[in-house]
Amino acid sequence: MSWHPQYRSSKFRHVYGKPASKENCYDSVPITRSVHDNHFCAVNPHFIAVVTECAGGGAFLVIPLHQTGKLDPHYPKVCGHRGNVLDIKWNPFNDFEIASCSEDATIKIWNIPKQLLARNLTTYRKELVGHARRVGLVEWHPTAANILFSAGYDYKVMVWNLDTKESVVASPVKTIACHQDVILSMSFNTNGSLLATTCKDRKIRVVDPRLGTVLQEASYKGHRANKVLFLGNLKKLLSTGTSRWNNRQMALWDQDNLSVPLTEEDLDGSSGVLFPFYDSDTSMLYIVGKGDGNIRYYEVSVEKPYLSYLTEFRSYNPQKGIGIMPKRGLDVSSCEIFRFYKLITTKSLIEPVSMIVPRRSESYQEDIYPPTAAAQPSLTAHEWLSGINREPIMMSLRPGSEPLEPQPLSPEKKPFSNSMAQVSPGLLEPMAQLATNDDRTPRSLLGEKTPKWTTERRLEEKSWLSNGTDIFECPPPKTENELLHMFYRQQEEIRRLRELLMQREVQTKQLELEIKNLRMGLGQF
94 MSWHPQYRSS KFRHVYGKPA SKENCYDSVP ITRSVHDNHF CAVNPHFIAV
144 VTECAGGGAF LVIPLHQTGK LDPHYPKVCG HRGNVLDIKW NPFNDFEIAS
194 CSEDATIKIW NIPKQLLARN LTTYRKELVG HARRVGLVEW HPTAANILFS
244 AGYDYKVMVW NLDTKESVVA SPVKTIACHQ DVILSMSFNT NGSLLATTCK
294 DRKIRVVDPR LGTVLQEASY KGHRANKVLF LGNLKKLLST GTSRWNNRQM
344 ALWDQDNLSV PLTEEDLDGS SGVLFPFYDS DTSMLYIVGK GDGNIRYYEV
394 SVEKPYLSYL TEFRSYNPQK GIGIMPKRGL DVSSCEIFRF YKLITTKSLI
444 EPVSMIVPRR SESYQEDIYP PTAAAQPSLT AHEWLSGINR EPIMMSLRPG
494 SEPLEPQPLS PEKKPFSNSM AQVSPGLLEP MAQLATNDDR TPRSLLGEKT
544 PKWTTERRLE EKSWLSNGTD IFECPPPKTE NELLHMFYRQ QEEIRRLREL
594 LMQREVQTKQ LELEIKNLRM GLGQF
């Protein structure tokens, strides 16, 4: 195992895991006994879904998040598959829609009612039929609405457009057939323009999900990959698997060059699959082993050493599967930055584990909660299929805040004007010149010239905002540390305003000099 110095400065150095108390766990849950290497659990701010045992087909449970404690043995199930359910995923843009795939070679889309289920839910919204063998993985597109990916044991990845009226979709919009064996995992980059996969042939592939072409392929023999994950916007991949000597191992790759990993790190000699999870907001990587009781976590950086070990959460209860809560469902008042839901089959228990940054202050901590992905798509299915890429819409986790970016436009108003709102005003003129070659840009945008003083004033007003909220509208400090923090922030703001005032004075003098020169020039004529 590689050694890293222990004197690194990091605000996440003392993150610790806090398991929920017994009354806040989900007890007597009949967790599936399937040996498939999947999470078997999906969580959103309203529900927790878990694959369960069911006679005569496959089923899963959907439990309201607040309904903790012992589960009724006759609790209604979501059942409709003819074979065991292998994977479930919530729609990231609709907390009441979930996708499931099964050994019966179908994918089903379900609408979950807002009220509690009174009986088994057997009516699905859509059924996707296209795979020749069982379907092992499903994954929603991270920015486009109604786009779903599925991977089957027929070695194919299929792209589905759910924005149709048909209840049974028999043909995908694209079939990716570049794999030679069973696909083990799928992961998207931030805007969904690239898809990384691992296969049973132990190769990592980076694929264009719209064209189906392989852009990069790793054939490195020293690391047999099992799971792969894009690390946000770092242009890096992380894979977990085994080394030549069958030690569990993780490797970091440059997404543009998969010939040799940037770094490798052996973990232990256990045999369970390692599930990686990456939090792009905090640049923290979590490694969860199937059959382990512990959760390791690291901090990722763009420079060497790329992976800095922090510590691990230890428990005697081994997990069969794991679920994670989206960032918008976390408890920011307790400085919670990540939350796991461990499936403990030995106790028929689902145990939440919160990763917490220790802070004395009870106010909102701006530095550990940067803008995160909102539950709104930035693209329609038609836009994405036509070749448009767009970053996700962001939101602040401050209670009561709104999304930080404008609502996505309709397909007729193409995305260039949407991206104009995100760039600094000083770049408006050169971008407008480039946009003249783009037929999708509204002409009214190109025809209007924004005065320089207007853009400068907008830049001033925008600099007063932090994460979409006015920094002067903060609650009064409660502790001495908060008071010092607010004092230093105000000093910084005063310094910035003084610099701005000096710039205005220089501009005023320059304008006065130009007016004087013009008058002298006119007097000569």
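In this text, residue positions in the sequence shown follow our numbering: the first is 94, and each later residue adds one.
We put the beta carbon where it would ideally sit given N, CA and C, even for glycine.
Given the structure is predicted, the values throughout are model-derived calculations rather than measurements.
Rounded to the nearest angstrom, what separates SER512 and THR473 at their Cα positions?
Here SER512 scores only 36 on pLDDT, less than 50, and its place in the model should not be relied on; the value that follows carries that caveat. Cα to Cα, the separation comes out at about 15 Å.
Taking LEU478 as part of the beta strand (DSSP E), name the residues at either end of that continuous run.
Careful: LEU478 lies outside any beta strand (DSSP E), inside the alpha helix (DSSP H) at 474–478.
What's the call for HIS159, buried or exposed, on a 16-neighbour Cβ count within 10 Å?
By the neighbour-count rule (16 or more Cβ atoms within 10 Å), HIS159 is not buried but exposed.
Compute the Euclidean distance between the alpha carbons of LEU304 and ILE269, then round it to the nearest angstrom.
Approximately 8 Å, taken between the alpha carbons.
Between which two residues does the beta strand (DSSP E) carrying ILE415 extend?
Its beta strand (DSSP E) spans residues 414–417.
Let me know the secondary structure DSSP gives ILE141 once reduced to three states.
Residue state, collapsed to three classes: strand.
Spell out the partners DSSP gives LEU620 in its beta bridges.
Residue 620 falls outside the range modelled here, since the chain spans only 94 to 618, and no answer is possible.
Rounding to the nearest angstrom, what Cα-Cα distance links ARG589 and VAL599 in this structure?
Cα-Cα distance, rounded: 16 Å.
Using a threshold of 8 Å, state whether the C-beta atoms of ASP274 and LEU230 are closer than that.
Not in contact: ASP274 and LEU230 (Cβ atoms no closer than 8 Å).
By the three-class DSSP mapping on this structure, what secondary structure does ASN610 have?
Helix at ASN610.
Would you mind stating whether VAL122 and PHE140 have Cβ atoms separated by less than 8 Å?
No.
MET613: buried (16+ other C-beta within 10 angstroms of its C-beta) or exposed?
So MET613 counts as exposed.
Report the option in VAL128, TYR462, ALA225 and GLY616 whose CA atom is closest to the CA atom of TYR248.
When each option's Cα is compared against that of TYR248, the closest is ALA225.
Quick one: grab the DSSP three-state call for SER537.
Bear in mind that a pLDDT of 36 at SER537, under 50, signals an unreliable position, so the number given afterwards is only what the model happens to contain. SER537: helix per DSSP, three-state reduction.
For ASN319 and LYS201, I'd like the C-alpha separation in whole angstroms.
Whole-angstrom Cα-Cα distance: 26 Å.
Kindly confirm or deny that the segment 245–262 and the segment 444–457 touch, where touching means at least three C-beta pairs closer than 8 Å.
Verdict: no, contact absent.
Bridge partners for PHE368 per DSSP, in chain order?
Per DSSP, VAL381.
Output yes or no for whether 8 Å exceeds the beta carbon distance between SER332 and THR291.
Against a cut-off of 8 Å, the Cβ pair of THR291 and SER332 comes out as a contact.
Out of curiosity, what's the CA-to-CA distance linking ASN560 and GLY325?
Residue confidence for ASN560 is low, a pLDDT of 40 falling below 50, so the modelled location carries little weight; the figure read from the coordinates is stated next. If I take the Cα positions, the gap works out to 19 Å.
For SER494, list the residues DSSP reports as bridge partners.
Answer is none; SER494 lacks a bridge partner.
Can the beta-carbon of VAL450 be found less than 8 Å from the beta-carbon of ARG432?
Not in contact: VAL450 and ARG432 (Cβ atoms no closer than 8 Å).
Just verifying my parser: in three-state terms, what is the DSSP assignment at PRO470?
Coil, per DSSP.
Output the distance between the C-alpha atoms of PRO419 and VAL136, rounded to the nearest integer angstrom.
Rounded to the nearest angstrom, the two C-alpha atoms are 8 Å apart.
CA-CA distance, PRO470 and PRO235?
If you take the alpha carbons of PRO470 and PRO235, they lie about 8 Å apart.
If you draw a straight line from the alpha carbon of TRP346 to that of ASN284, how long is it in whole angstroms?
Roughly 19 Å between the two C-alpha positions.
Just curious, the beta strand (DSSP E) that SER456 is in, first and last residue?
Note, SER456: premise wrong, no beta strand (DSSP E); not H, not E.
For LYS328, which residues in the same chain have their Cβ closer than 6 Å to its Cβ, ignoring the five residues on either side in sequence?
These residues qualify, in order along the chain: GLN348.
Thinking just about the alpha-carbon of each residue, which of ASN117, PRO138 and CYS172 is nearest to the one in PHE153?
Minimum Cα distance to PHE153 is reached at CYS172.
Just reading off the beta strand (DSSP E) that ASP359 is part of, what are its end residues?
356–361 is the span of the beta strand (DSSP E), which, as asked, contains ASP359.
In the DSSP output, what is MET448 paired with across the bridge?
DSSP lists GLY110 and PHE431 as partners of MET448.
Please classify PRO485: is it buried, with 16 or more other beta-carbons within 10 angstroms of its beta-carbon, or exposed?
Buried is the call here.
Which residue from VAL299, SER489, HIS129 and ASN254 puts its Cα closest to that of GLY365?
The shortest C-alpha separation from GLY365 is found at HIS129.
Taking the alpha-carbon positions, what's the THR125 to TYR581 distance?
Using only the alpha carbons, I get a separation of about 54 Å.
I'd like to know whether the C-beta atoms of VAL252 and VAL261 end up nearer to each other than 8 Å.
No, the Cβ-Cβ distance between VAL252 and VAL261 is not below 8 Å.
Check whether the Cβ atoms of MET377 and PHE105 sit closer than 8 Å, and answer yes or no.
Against a cut-off of 8 Å, the Cβ pair of PHE105 and MET377 comes out as a contact.
Do TYR119 and LEU442 have their CB atoms nearer than 8 Å?
For TYR119 and LEU442, yes; Cβs fall inside 8 Å.
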